[in-house]
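Written below as structure tokens is the structure these notes are about.
Protein chains in written order, with this note's numbering: chain A, 986 to 1125; chain B, 895 to 1237; chain C, 5 to 350; chain D, 19 to 292.
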């Protein structure tokens, strides 16, 4: 076992696109870091900011929200709402001094297995040097 | 200048004519300087009404109580409630109308213009007087407040003891009213988000240091939530049990209620509470500053809401509390909303 | 034991108390609170009321009761967690706040002694300071059986005589602290004693607020349970928890399990302050709530302090510190409420 | 201070019996302390049951103090803790602290007739005192049980009730007509009025939903019972169980410590906060 810090990333993945994208990456045997705890949601627009705060509160080192590209939402507009909401959450978290790298959003379609692996790779690479997220984490 | 006699005259009229069932206004407190909310039911009690710089409360919060009380009554009095509002408070009414929480015909708005000043900050005043007790604070013709202490009267430039929010106010004039007191005076503001710079200019770690210290102070008395006219949810994320319980609610439903926040006042739990509140108020907070005023631990809560107000303006060109017909901030979008942060 | 401590010798004395955890009122921004201090400077005699009373040290807002975890043998393991063994001294306790602790003692003793409360209580020494001038505009200690120089619950009472403190040691614990640094103290002179009496008499005159005929109130309240009085008085109440959380005598609490991991099970059971003004305080699981509205909850607060506790312990559960008045977001004034109670129906 | 009042003692569930199914299920749990201890209770007392990780709940002890092998709790699935209890299996471990409360003053009732009136899960606290009276049969006069529930399926201790009928007078009722039901149809208070228990040298014990208690008391008063002859139990939300946490009080009484058993003579003078 190495002592290297392995971040835990909670990823809220839209069932119609990003979640399928991650499956595609899996079945295509693409390699990517295993730091992600995926949570499939019906739409990126259904991700309440409370889920994000709660993930950090319960010890996530990073949180990703991933949905369909603009125009591709299964429910037509969900990802546009998400875009607004996530922008606000991101600003708020940065305002109190959380490292901006720890909270990210991406558009990943069902066909973009490759992009999904890249998003995760980049995410892990960026937050590894930051070390564990202790600011918002519950003391257990 | 607003004359309290004019307000009383109108209050008396609408009560006498039975136009309203009661009026929510301000009266003098028993323990000293500050005003307290008054619920005036009869024309005789109108004499208690006051208007001075200690009328800090955002009384629209009591419209939430009124709605709940009415819902419980079998034969509710359908007449409107009269309510005294300042510019900022009137914008809370707009948001409540926008969210269809209240109906226009259920309120009779007595709007007061703050003109060139506003209301005072009790803590600033105490400091100004070196801990001495003020008996009375009044408006002056100019931009001064007249303070009466046991030593006599003195004039103080309003700016020195004005509430922070009044210094950054763009709505010193009621945007909605049935009758208006005072004049519409334009206000010049270089930067309505100036106070935020103090924090935004800090480094990331300094910002966290600042907020950690603030969050640690919280004792979770929920005064910020209780005083806020926008915090009208039946059940809040911090409540320990389901409030919306009926005879049909199953044990499983109750058991499965997620405990998002522990009751312990630790940094992490206080963070979730205040952040849920901040994000829930994004595009709804009208900056009445009540949360910050009532906080017994002096947590600068207004910064969180102000930050959201600023981002709503800068990212989405959205202003809360001016137009009851506009969709709320997070239930609308524009194609050109920024997405440079998305991968 | 009575002594004189010059202000110069004060820090010398405090240095001798190093082995104790020391708390004193500290100002952060504009907020006064009791905090642990490393190098105790001279206590400022004119600090206003702290936001929270020393209650927060004896009865902290969060107290871990026990830890639990799944175990192979019995299926479950429960471990008692008692507060750390460490004697503490609180400097600058207001006489009302010390009296408050003697009132909460009533609750935590009896058939079921509370080990957490008593562990902290017994290892804490309270050093009070006479309120030469009232620390708040809303002080009314004289009305509820206290005074600005009350000795109830204190181990030592200090009174500021300008360049020195008049020290009255009231308990064995207090004597011990003085004996740790005998050379810091002097014997009081006749003049000092006179100064003390003068200041203490003067301190009482300065308390401006009072509840008249308070003795009539408990009986009066008993007949007022089912009156519309409470609906009217509670109109402006916003149902926050400030009055009770800041109250030095309010002691209601909640017990909750905080789970760190559900499989395998691991977590803590903790006590936190709770509040009779919150609707979930009394709401049954079925949805039934015996105190369903703010009128009944305001009534509970007043009756608990001024009727029920009088019936149980012959004491008002109020020490007149004035915090609930000064900090109420809507200016509900307990003195005014009780004045109205006294005159109700007359 | 030799013991910590807040630390529960661990007990193993040794038997679970499903009393009532459906949407408001009731199960009876028999438990056995893992370590030896001196837990001993009086009839009508309760205990704080812990499901560690979920919390605690105050539950009345339905077994008689005469039974030494186990403690029995009959529990309606209602909220977080009771739902977790209903999901438990034989062999699982729970925590128990107590016993708490005043219990029934059965010593004072010696030589009297006892009329038990119960509705739904309200039979649980009655069960303890009823079985104690049965165990010391010679100490008491006539024993009568008037018990009802919404339907016959909602009656708890159904098997035991059949046995009980052989020993004492039992009047059952269901709220609405159902096929095959030969006993009384109607609410419990109506059954009380119908069966006319005699107030002479009698004590009544009533447990059930608040609304039922209210009307039973009215029915009993009409039959000539004095306030001192009527006993009932009160419940309120509880956390500490020992009169400190401050939420269960009715006036100066803490229901957890000073209750839950009250005579109507006491209760009628207390404020209506239960």
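Note that beta-carbon positions come from the ideal geometry of N, C-alpha and C, so glycine has one too.
### Message
Let me see if you follow: with CB-CB separation under 8 Å, is residue 1140 (chain B) close to chain D or not?
### Response
no
### Task
Kindly give me the distance between the Cβ atoms of residue 1 (chain C) and residue 63 (chain C), rounded to whole angstroms, as I take these residues to be in contact under 8 Å.
Past the boundaries of the shown model lies residue 1 (chain C); chain C is included only from 5 to 350, so the question cannot be answered.
### the stretch 124-137 of chain D touching the stretch 318-325 of chain C, judged by at least three CB pairs closer than 8 Å
no
### Query
Along chain C, which residues have their Cβ under 7 Å away from the Cβ of residue 280 (chain D)?
None at all; the shortest Cβ gap to chain C is about 15 Å.
### Query
Is the CB-CB distance between residue 122 (chain D) and residue 279 (chain D) below 8 Å?
yes
### Message
Taking 8 Å as the threshold (C-beta atoms), are residue 215 (chain D) and residue 241 (chain D) in contact?
### Response
yes
### Query
With a cut-off of 8 Å, does the C-beta of residue 96 (chain D) fall near any C-beta of chain B?
yes
### Query
Can you list, in chain order, the residues of its chain whose CB lies under 6 Å from that of residue 129 (chain C), leaving out five sequence neighbours each side?
93, 159 and 177
### Query
Secondary structure at residue 19 (chain D), three-state DSSP: helix, strand or coil?
Per-residue confidence for residue 19 (chain D) stands at a pLDDT of 48, beneath the threshold of 50, marking its modelled position as unreliable; no derived number is given.
### Message
Only counting the same chain, and skipping five residues up and downstream in sequence, which positions put a Cβ closer than 7 Å to that of residue 16 (chain D)?
### Response
As displayed, chain D neither begins before 19 nor continues past 292, which places residue 16 (chain D) out of reach and without an answer.
### Task
Can you pull the chain D residues whose beta carbon is under 9 Å from the beta carbon of residue 1146 (chain B), in chain order?
The answer, in chain order, is 95 and 101.
### Message
Just verifying my parser: in three-state terms, what is the DSSP assignment at residue 1056 (chain B)?
### Response
If DSSP states are grouped into helix, strand and coil, residue 1056 (chain B) belongs with the strands.
### Task
Give every residue of the same chain whose Cβ lies closer than 7 Å to the Cβ of residue 1050 (chain B), excluding the five residues on either side of it in the sequence, and list them in chain order.
1022, 1038, 1039 and 1041
### Message
Using 8 Å as the threshold, is the C-beta distance between residue 213 (chain D) and residue 189 (chain D) below it?
### Response
yes
### Query
When the distance is taken between beta carbons, is residue 1002 (chain A) closer than 8 Å to residue 1095 (chain A)?
yes
### Selection of the stretch 228-240 of chain D by Cβ proximity to chain C, strictly under 7 Å
none
### With 16 other Cβ atoms within 10 Å as the buried cut-off, status of residue 1138 (chain B)
exposed
### Message
Between which residues of its own chain and residue 249 (chain C) is the CB-CB distance below 7 Å, once the five residues before and five after are set aside?
### Response
277 and 279
#### Entry: 6 Å CB neighbourhood of residue 292 (chain D) in its chain, flanking five on each side removed
252, 254 and 268
### Message
Against residue 936 (chain B), what residues of chain A qualify as contacts under a CB-to-CB distance less than 9 Å, listed in chain order?
### Response
The premise fails here: residue 936 (chain B) is roughly 46 Å from chain A at the closest Cβ pair, so nothing lies under 9 Å.
### Query
Does the beta carbon of residue 331 (chain C) come closer than 8 Å to any beta carbon on chain B?
yes
### Message
Quick check: what's the CA-CA separation for residue 14 (chain C) versus residue 155 (chain C)?
### Response
Taking the CA atoms as reference points, residue 14 (chain C) sits about 21 Å from residue 155 (chain C).
### Query
What's the call for residue 1089 (chain A), buried or exposed, on a 16-neighbour Cβ count within 10 Å?
buried
#### Entry: Interface flag, residue 19 (chain D) vs chain C, CB-CB below 8 Å
Residue placement at residue 19 (chain D) is flagged as unreliable, the pLDDT there being 48, under the threshold of 50; a coordinate-derived value is accordingly withheld.
### Query
In this structure, does DSSP put residue 257 (chain C) in helix, strand or coil?
strand
### Task
May I have the straight-line CA-CA distance separating residue 302 (chain C) from residue 235 (chain C), to the nearest angstrom?
9 Å
### Beta-bridge pairing of residue 89 (chain D) - partner residues as DSSP gives them
BP columns for residue 89 (chain D) point to D:49.
### Message
Let me confirm a value: residue 1046 (chain A) is counted as buried when at least 16 other C-beta atoms fall within 10 Å, else exposed. Which label applies?
### Response
buried
### Task
Mind listing the chain B neighbours of residue 262 (chain C)? Cutoff is C-beta to C-beta under 8 Å, in chain order.
1156 and 1158
### Message
Please tell me whether residue 38 (chain D) has its Cβ less than 8 Å away from any Cβ of chain C.
### Response
no
### Task
Please say whether residue 1213 (chain B) and residue 1207 (chain B) have beta carbons closer to each other than 8 Å?
yes
### Query
Using a Cβ-Cβ distance under 8 Å, would residue 1191 (chain B) count as near chain A?
no
### Query
If the cut is a Cβ gap below 8 Å, which residues of chain B does residue 41 (chain D) touch?
1144
### Query
DSSP three-state call for residue 986 (chain A): helix, strand or coil?
Since pLDDT at residue 986 (chain A) reaches only 48, below the 50 mark, its modelled position is unreliable, and the value read off the structure follows with that caveat. Residue state, collapsed to three classes: coil.
### Message
On the criterion of 16 or more Cβ atoms from any shown chain inside 10 Å, does residue 1189 (chain B) qualify as buried, or is it exposed?
### Response
Classification for residue 1189 (chain B): buried.
### Query
chain B beta carbons: is any one of them nearer than 8 Å to that of residue 992 (chain A)?
no
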